[in-house]
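Residue numbers (our numbering), protein chains in the order written: chain A, 86 to 312; chain B, 86 to 312. Since the structure comes first, as structure tokens, the remarks are kept for the end.
Protein chains: 2
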Amino acid sequence: MGDKYNKFSKYFVAVDCVIFGYEDGDLKLLLYHRGFEPAKGMWSLMGGFVGEEESSDTAARRILKNITGLDDIYLEQVQAFTDPKRDMEGRVVSLAYFALIRIDRHKSDSVRENGAHWWSLKSLPNLVFDHKEMVEKALEKLQNKAGLELVGSELLPDKFTLLQLRLLYEAIFQRDLDPGNFRKKILSLNVLQRLCEKNTTESRRGAHYFKFIDGATERSFERIVKI
Amino acid sequence: MGDKYNKFSKYFVAVDCVIFGYEDGDLKLLLYHRGFEPAKGMWSLMGGFVGEEESSDTAARRILKNITGLDDIYLEQVQAFTDPKRDMEGRVVSLAYFALIRIDRHKSDSVRENGAHWWSLKSLPNLVFDHKEMVEKALEKLQNKAGLELVGSELLPDKFTLLQLRLLYEAIFQRDLDPGNFRKKILSLNVLQRLCEKNTTESRRGAHYFKFIDGATERSFERIVKI
DNA sequence: CCAAAAGTGTTTATAATACACCCATGG
DNA sequence: CCATGGGTGTATTATAAACACTTTTGG
Numbered sequence: 086m087g088d089k090y091n092k093f094s095k096y097f098v099a100v101d102c103v104i105f106g107y108e109d110g111d112l113k114l115l116l117y118h119r120g121f122e123p124a125k126g127m128w129s130l131m132g133g134f135v136g137e138e139e140s141s142d143t144a145a146r147r148i149l150k151n152i153t154g155l156d157d158i159y160l161e162q163v164q165a166f167t168d169p170k171r172d173m174e175g176r177v178v179s180l181a182y183f184a185l186i187r188i189d190r191h192k193s194d195s196v197r198e199n200g201a202h203w204w205s206l207k208s209l210p211n212l213v214f215d216h217k218e219m220v221e222k223a224l225e226k227l228q229n230k231a232g233l234e235l236v237g238s239e240l241l242p243d244k245f246t247l248l249q250l251r252l253l254y255e256a257i258f259q260r261d262l263d264p265g266n267f268r269k270k271i272l273s274l275n276v277l278q279r280l281c282e283k284n285t286t287e288s289r290r291g292a293h294y295f296k297f298i299d300g301a302t303e304r305s306f307e308r309i310v311k312i
Numbered sequence: 086m087g088d089k090y091n092k093f094s095k096y097f098v099a100v101d102c103v104i105f106g107y108e109d110g111d112l113k114l115l116l117y118h119r120g121f122e123p124a125k126g127m128w129s130l131m132g133g134f135v136g137e138e139e140s141s142d143t144a145a146r147r148i149l150k151n152i153t154g155l156d157d158i159y160l161e162q163v164q165a166f167t168d169p170k171r172d173m174e175g176r177v178v179s180l181a182y183f184a185l186i187r188i189d190r191h192k193s194d195s196v197r198e199n200g201a202h203w204w205s206l207k208s209l210p211n212l213v214f215d216h217k218e219m220v221e222k223a224l225e226k227l228q229n230k231a232g233l234e235l236v237g238s239e240l241l242p243d244k245f246t247l248l249q250l251r252l253l254y255e256a257i258f259q260r261d262l263d264p265g266n267f268r269k270k271i272l273s274l275n276v277l278q279r280l281c282e283k284n285t286t287e288s289r290r291g292a293h294y295f296k297f298i299d300g301a302t303e304r305s306f307e308r309i310v311k312i
């Protein structure tokens with residue numbers, strides 16, 4: 086490489102992952118207890134520095150793999166955070182990502198070893214630096230995505246009831262949705278297949294399980310939740 | 086500052102601006118002829134490196150001010166481009182921004198001095214590096230914004246006809262819009278004020294000029310163009 | 001029996017779309 | 001007088017939202 090840019094400054098470049106999971110009717114975030122300075126002992130997003138041979142996407146995947154053991158995680162860039170004073174230990178430009186994780190699949194022991202913990206979105210602890218702002222922007226992005234296509238395959242188990250799917254959407258949009266209208270809307274997308282099996286633990290009558298039809302284009306081009 | 090991060094690598098951090106303008110019924114991009122290596126002589130977005138005391142937002146504003154002489158430019162971050170090989174001259178992480186410029190206001194002599202030129206979005210030249218991808222992502226963001234709130238005050242002159250506004254929207258969404266329906270939709274937002282003056286140069290009958298009502302919340306919370 | 005979710009159907013309100021039609025006027 | 005955009009009105013269709021009602025079953 087040449088030296089054309091040598092008069093300009095270089096900075097650390099990090100990624101921070103806003104990791105969404107869904108469990109017990111609650112949208113959750115995977116946070117960890119920082120084991121190093123600065124801000125040692127405080128709660129923070131999962132992050133790390135971008136290596137010389139990798140893009141930020143690759144770095145984010147590497148970090149998620151380390152923590153959760155998962156390879157095929159849905160990942161989307163949120164935005165860059167670049168305030169010169171955002172990290173008191175040095176000039177760090179951080180690229181926020183959001184990830185969707187199926188909690189039932191990830192390696193929970195690896196998560197625990199890393200001092201990580203799932204926190205309900207409704208009661209987050211104080212976060213270091215500008216991580217709270219990252220969470221807010223990531224939630225906006227998630228709402229945007231979920232409003233245009235059916236998420237769920239990235240967050241729910243293989244089979245799930247429409248109640249579970251609706252509760253997920255209510256958690257994402259943080260408001261109630263009409264059960265009847267939601268059911269009709271979702272089924273009209275033709276991306277779910279009803280299974281014969283029923284879930285009898287969450288209602289007396291029992292609700293059919295559904296699964297995503299393989300290969301059904303999830304991007305339905307119809308608005309699922311009006312924004 | 087400490088030395089906690091010293092084992093990690095540092096990279097150049099740049100911003101590249103996708104500068105939209107509107108003129109003669111055409112959505113245009115301000116590009117410039119690179120005067121330095123690498124890729125000297127090719128067309129490129131306006132860009133520059135982020136300084137030690139500034140955020141990337143500030144850097145983008147500084148660059149836009151240098152080129153156009155304008156201070157109050159609408160600016161939004163698009164996304165980070167981080168491929169390790171995206172710039173052959175060194176590891177440069179670039180943050181793409183999109184800007185909306187009123188061509189009638191900017192300092193055209195300063196633009197010319199910088200070797201810059203307005204190109205119609207319909208016939209762009211080949212761009213260096215990943216700048217074409219930046220333009221595509223920026224247009225997506227612009228469509229998203231324009232679909233949810235009335236842009237125009239950032240791109241059109243102080244007074245304009247509804248024909249001009251519709252042509253702007255058709256340029257942004259790259260499809261035709263029904264004149265009657267567009268008019269009703271726009272006027273129902275109650276953010277435009279009809280002036281007594283008429284424009285008689287673009288139609289025989291003459292069309293009323295409109296202007297944006299000061300302080301009218303532009304974010305109308307109604308969808309202007311369905312996506 | 002009753003509460004609670006499952007599942008279906010109906011009604012109303014609102015928004016998107018298509019398009020007809022008259023107006024004004026420069027060439 | 002006529003082509004062109006200005007401007008208004010209306011019919012049709014699609015979608016969102018509200019909500020009534022019936023079914024099922026464990027406690």
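Glycine included, each C-beta is placed from N, C-alpha and C at the ideal position.
Met173, Glu174, Gly175, Arg176, Val177, Val178, Leu180: these are the residues of the stretch 173-192 of chain B whose beta carbon lies less than 8 Å from some beta carbon of chain A, given in chain order. A distance below 8 Å separates the beta carbons of A:Gly120 and A:Gly200.
Taking the Cβ atoms as the reference, A:Ile271 lies roughly 7 Å from A:Leu250, within the contact range of under 8 Å. Unbroken beta strand (DSSP E) stretches of 3 residues or longer found wholly inside the stretch 242-285 of chain A: 277-284, given in chain order. Within the stretch 110-165 of chain A, the runs of beta strand (DSSP E) that reach at least 3 residues and sit entirely inside it are, in chain order, 111-118, 131-134. Taking a 10 Å sphere around the C-beta of B:Lys192, we find fewer than 16 other C-beta atoms and assign the residue as exposed.
Nearest C-alpha to B:Ile186 among B:Val100, B:Lys150, B:Lys296: B:Lys150. Bridge partners of A:Val178 according to DSSP: A:Val98. Annotated three-state conformation of B:Glu108 is strand, per DSSP.
Cβ-Cβ separation between B:Gln164 and A:Gln228: approximately 18 Å, too far for a contact (criterion under 8 Å).
With fewer than 16 other CB atoms across the displayed protein chains lying within 10 angstroms of its CB, A:Ile298 is exposed. Bounds of the alpha helix (DSSP H) holding B:Ser195 are 193-198. Buried is the label assigned to B:Ser129, since at least 16 other Cβ atoms lie within 10 Å of its Cβ. Within the DSSP secondary-structure output, A:Ile186 pairs in a beta bridge with A:Gly106.
Residue nearest to A:Lys222 within the set B:Gln162, B:Asp263, B:Lys113, B:Arg260 is B:Gln162 (criterion: CA-CA distance).
Beta-bridge annotation (DSSP): B:Ala201 is paired with B:Tyr117. Residue pairing by DSSP places B:His216 in no beta bridge whatsoever. Ranked by Cα distance from B:Gly154, the options B:Asp194, B:Lys89, B:Ser238, B:Phe295 are led by B:Asp194.
Put simply, the CB of B:Thr167 is near chain A, with a gap under 8 Å to one of its CB atoms. DSSP places A:Lys296 in the strand class (E or B) of the three-state scheme. Short of 6 Å from the beta carbon of A:Phe267, and not among the five residues preceding or following it, lie these beta carbons of its own chain, in chain order: Arg251. Judged by DSSP in its simplified three-state form, A:Ser288 adopts coil rather than helix or strand. The criterion of a C-beta distance shorter than 8 Å is not satisfied by A:Tyr254 and A:Val220. Not a single CB atom of chain A sits nearer than 8 Å to the CB of B:Phe267. No Cβ of chain B is located within less than 8 Å of the beta carbon of A:Lys150. Between the alpha carbons of B:Tyr117 and B:Ile257 lies a distance of about 22 Å. The closest CA to that of A:Glu138, considering only B:Glu287, B:Lys95, B:Glu137, is found on B:Lys95.
In its chain, beyond the 5 residues on either side, Asp111, Lys113 have a beta carbon closer than 7 Å to the beta carbon of B:Ser205.
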